[in-house]
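What follows is one structure encoded as C-alpha cells, with my remarks underneath.
Chains as they are written, first to last, in my numbering: chain A, 1134 to 1649; chain B, 1134 to 1649.
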C-alpha cells in the first residue's frame, strides 16, 4: 500500500467520500489510487476554482467535508477565491494540494512555489506531509481539523513521494475537539440585559440562520423582550420558506443597513460580529450599529451558538408562544416584461419543496428575499466572502451533496464568467441544476458604485467602459451548449416561466439566459 | 488630485501606459481616474487570471511593465497562477491590488484577507501604500521594482482611501538599479575551462534565447571550443526562424533530457540554473546533467548575461565565423488527415514574418520546434512556470503589445479551459490572434504520466476517467462564438489550412478547433 492509497482509505474511513479534483502530474499516484478505494467518489473539474467552490457548496449542504485535489501552488492559487468564501462560510474542507517530491524541491523546478504561504491566508490548518508513512495520520488529522467547530479549511500538502512511497496502512479517524461552550456569566449578562426591556437587536449568524429550529428559538427569545432578530448579510446557508421564521437580514447598501439598525440601544451578537459595511465609502461609517448602542457578545462564531440560545431561553423562561412563520403562498405566474422581480416571482411560484438556491445574482438579487418568502421550504446559499465566481460551483457541489433536491444557481452574467467551467461538471455528472443568468450585459453593481464615487460628476467614458459587457455581447446559450449544458434564451416572463418549468421537470442541468 | 489620479499619472510618466483590469468596488476611484489620464489604455478582462496572463505576455514582447488592477485578495488569488508564470519568466509587471480602506480593515469585513501573504510567493516586491500622499511615490517605486533586472512582479496594494484621499501630485519616475555585472574572475575561469577543450554544454536561458544576436554570440563561443549550446526548456521568449541560430532545447521527458546532456564533462550556466526535471519520478534523477559533470556558473539569471558572453567572447578571441542559421523554407501544405504535425507544418508554411506564437499545446507541442524551424523569423512564448491557463491570456497581451504582428495561440483543449475568458477580450479589442485548439478530448499529458506511475499495471477506470474530457465533449466553436470570437471546427489538414489562411488574412481574432 502506498501513501496515496493509505490516504484515500483514511479519508474515506473518516467520512470523506467525495473528492472534487483537477489533478496534474504530481498528483498521478493519488489519481491512480482511486481505483483501490472505489467508494471514494471523484469528480473532475476543469478549473480549480470550480473544485474548491464545489467543496464549499457540498460542505454547506452536508455539514461534512469533501476533499479537493489541486496541482501545486498555481492550482491552489486558482482555488483561493472560493476557499476564501469557504473560510468565511466556516465550511469544512479537506483541501489537498500536490507538491514536488520532497527531495526535488530544492532544485526550484518551474512549478515550485511557496504553497504553505499561499495556503495560510485561506486555511485554518496547514501541513506539508513529510513522508509516506506519515501521510495517512496527517490525513486523519486534516479531517479532524476541517471538522473543528464551526468548520474550517484544512490544507494538506502532499509531496509526490509521500503519495508513491510505501505506507504502513490507513490511519484511524480522529475526533475533532469539542465545541467551545459559552460561559454562563455571558448568558446571565445577556438575560439581565434583555429583562431591562430596552430596544435591542439580536444579530444572528450562520449557526442560527441555517436551522429553522434555532432561528425560531432566537425569535422566541426576542419576542419575550423588546428585541428583534436580524440575520447576518452573507450567511452561508439560510433555512427559509413556508413554515419557517422570517428573519430580517442586513442589507448591502450602507444607508439601508444603518436604517435597519437605527434606534437600537443594544446589539447582542449570537454567532455574528459587530456589523460593518461590506465596503468602506468616503462619507459613510464602517460600523453599522448606532454609535451609542452597546455591543454585547452572547456567543462568537467559534462557539456553540444554539446551546447558548437554549441556555438563554431557559434562563429567561421565555413563553413558548409560536413564532410567526412564513405561509405557503404561490404567487401568480408573471407575464409580460422580464424583470428581476418576475424571475424571482416565477421561482417562488414553481420551485419544488426543499430546493437549494445558490445566489450570486448581485444587484438582481436585492429583491429576491421578499419575492420568495412564501415559497415552499428551501435553503439559500450566499456569497459569504464577497468573492465572485462562487455561484455556479457552489450550486454544482450542492447538487452532488443532495441528488434528490432541485438546485437553482441564480447568477449575474458578469459573475458567472469567473468559473463558468462548472457547467461542464454539471453536464458530466447529470446534476439537477437550473442555472439562471441575469443578463444585463454589465457589471451593474459597479456602475452604481462608480456613480457613488463620482459625487456630482458623471463618470467619464473610459471609466464607464470598464463596467460594460456589451461589446461583444456574451451569448450564454452558446457558451453553455459548448460545455454540454442545454440552454435557452428568454426575453419575456412567459418564456422564462416555460423554461423554468422545463428545467425543473427534466433531469440534468439547464441554463436559462434571462434577458433583463 | 486624488491618490488614484496621482498614481495613474505617475505610472504613465514612468512608461506604464497599459492596464489589464478586472476591478471591483474598492477600485472604483482608480477606474474613475482613468478619464483624467486618457493616455493610459485600460483593457477589461472578465477574469483576473486573464489580466495577469495578459500582463505577462505584454511584458515578454515589450520588455516593459503593464499594470494590472485586481480586486482584493480573492481577485489576486485568481491572478496568482499567471503571476507565477510571469515570475518565472522574469516579466516586469506592476500588479495593483485593491484593498479595503485602511481604517476599515480592522473590522474583518467579508472580503478581508491577508493580501500581502498571498502576494509574496509570486512577487519580488510587495508594498501596501499607507495613505493618499504616499501612493504616487509608491507607484514610482513599484515601476522601478518591476523593471529591476531581469524583471519581476511588483505588487502594490492600494487601500481604497489611498485612492480617494487628496494627493500632492504625481511622483517622478525612478531608475531601477543597474544590472548586476558578472565578476571578471568568473569570465576568466570559464574561458580557461573552454580552452581545455573538454566536452561542454553551454546552457543558456531567457536573456540569450530572446535575442537572435545573443544566441548567435553563444553559438560562436561554443563553436570555438568543444561545446554545444542548449537552451532552457520553458524559456520566456525564443527568437527563432529563418536567419536565426537553431538552438537545441532541453526536452520535457526526463530520459530525452538525460540523453541530450549525456557525455558532457562540463555544464556552463549562462543565465540558466543547474538543469532539473520538470517533475520528479520514482526512478529518475532530479538533476539532468551527467552526475560526474562539473557545473560552472558564468552568469546567473539575475546578472547581465549578454555582457558576460560579450566579455567571454573577447577573452577567448573566438573567430567571427558565421554561425549556421535556419534557412527560410516553406514546406508543402499538408493534406489529408489532421495530425499535430500537420498543424505545425501548415503554420510553418503560412505564418507571416514576425509572428508571435504563444504555445500551450502541451503534448501536441512536442514536435513543434522541428516543424517550424524554417519559418520566417518569429518569437515563441513558453509556459515558463508550468502553470496551465497561460496561453490564451499571454497571446492576448502579446497582441496588445504588438498590434502589427500576427499572434498564434496554440492551445490544448484541456489547458485552454482554464482562462477561456481571454477570448472575450480578444474580440473586444479586435486583436489579431488565431487561436488553434488541439482538440484531443483529454488531459493527454496526464494519460501518459498515469501510465508511467502504474508500472506494469494498467490504470483503473476511475483513474482514467479523471483524464478524459469527452463526456460531454467540449464544443470550442460554440464556446468561442459565445464570447464573440468567430470560430471554425476542422477535421482535415485541408480544412485546417483554409481556416488558418482565413485567420491570417482577416483582421481580429479567430478560433480554430483542430480535431486531432
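Beta carbons are placed, not taken as given, at the ideal position from N, Cα and C, and that holds for glycine.
Within this structure, are the beta carbons of residue i and residue j separated by less than 9 Å?
i	j	result
residue 1293/A	residue 1541/B	no
residue 1339/A	residue 1359/A	no
residue 1195/A	residue 1185/A	no
residue 1305/B	residue 1273/B	yes
residue 1626/A	residue 1467/A	yes
residue 1484/A	residue 1559/A	no
residue 1555/B	residue 1609/B	no
residue 1443/A	residue 1428/A	no
residue 1269/A	residue 1136/A	yes
residue 1546/B	residue 1471/B	no
residue 1234/A	residue 1159/A	yes
residue 1463/A	residue 1482/A	yes
residue 1146/B	residue 1593/A	no
residue 1151/A	residue 1567/A	no
residue 1334/A	residue 1400/A	yes
Alpha carbon to alpha carbon, how far is residue i from residue j?
i	j	result
residue 1465/B	residue 1391/B	34 Å
residue 1142/A	residue 1170/A	6 Å
residue 1327/B	residue 1424/B	20 Å
residue 1639/B	residue 1632/B	11 Å
residue 1617/A	residue 1551/A	18 Å
residue 1495/B	residue 1522/B	11 Å
residue 1531/B	residue 1565/B	10 Å
residue 1477/B	residue 1498/B	9 Å
residue 1451/A	residue 1315/A	19 Å
residue 1248/A	residue 1446/A	46 Å
residue 1580/A	residue 1439/A	40 Å
residue 1606/B	residue 1461/A	42 Å
residue 1449/A	residue 1354/A	8 Å
residue 1378/B	residue 1370/B	14 Å
residue 1240/B	residue 1352/A	27 Å
residue 1520/A	residue 1604/B	30 Å
residue 1385/B	residue 1343/A	50 Å
residue 1457/A	residue 1349/A	9 Å
residue 1514/A	residue 1367/A	8 Å
Taking residue i as part of the alpha helix (DSSP H), name the residues at either end of that continuous run.
i	result
residue 1555/B	1555–1561
residue 1178/A	Looking at the DSSP string, residue 1178/A is not in any alpha helix (DSSP H), and its letter there is neither H nor E.
residue 1594/A	1594–1598
residue 1323/B	1317–1329
residue 1208/A	1205–1221
Here's a check: name, in chain order, each residue in its chain whose Cβ is nearer than 7 Å to the Cβ of residue i, leaving out the five neighbours to either side.
i	result
residue 1225/B	1192, 1197, 1198, 1279, 1280, 1284, 1285
residue 1255/B	1213, 1216, 1217, 1220, 1286
residue 1553/B	1525, 1612
residue 1487/B	1510, 1511, 1538
residue 1180/A	1155, 1211, 1552, 1554
residue 1161/A	none
Here's a check: name, in chain order, each residue in its chain whose Cβ is nearer than 6 Å to the Cβ of residue i, leaving out the five neighbours to either side.
i	result
residue 1356/A	none
residue 1614/A	1620
residue 1312/B	1282, 1437
residue 1501/A	1477
residue 1178/A	1153, 1155, 1184, 1558
Can you list, in chain order, the residues of its chain with a C-beta nearer than 8 Å to that of residue i? Leave out the 5 residues immediately preceding and following it.
i	result
residue 1596/B	1583
residue 1252/A	1209, 1228, 1230, 1259, 1288, 1290
residue 1434/A	1223, 1283, 1338, 1339, 1340, 1404, 1405, 1406
residue 1409/A	1419, 1420, 1421
residue 1322/A	1429
residue 1459/B	1373, 1374, 1375, 1376, 1377, 1378, 1379, 1506, 1507
residue 1624/B	1471, 1648
Output the boundary residues of the beta strand (DSSP E) element that contains residue i.
i	result
residue 1343/B	Element bounds for residue 1343/B: n/a, residue is neither H nor E.
task: May I ask you to list, following chain order, the residues of the stretch 1205–1231 of chain A that have a beta carbon less than 9 Å from some beta carbon of chain B?
output: Residues of the stretch 1205–1231 of chain A with a C-beta atom less than 9 Å from some C-beta of chain B are 1205, 1206, 1207, 1208, 1209, 1210, 1211, 1212, 1213, 1214, 1215, 1216, 1217, 1218, 1220, 1221, listed in chain order.
- request: With 9 Å as the C-beta to C-beta threshold (strictly closer), list the residues of the stretch 1373–1407 of chain B near chain A in chain order.
  value: Cβ proximity to chain A below 9 Å picks out 1406, 1407 from the stretch 1373–1407 of chain B.
field: Within 7 Å of chain B by C-beta, residues of the stretch 1503–1519 of chain A in sequence order
entry: Against chain B - using a Cβ distance shorter than 7 Å - the residues of the stretch 1503–1519 of chain A are 1517, 1518, 1519.
field: Near-chain B residues of the stretch 1234–1246 of chain A (beta-carbon distance less than 8 Å), N- to C-terminal order
entry: Those would be 1234, 1236, 1237, 1240, 1241, 1242, 1243, 1244, 1246, in chain order.
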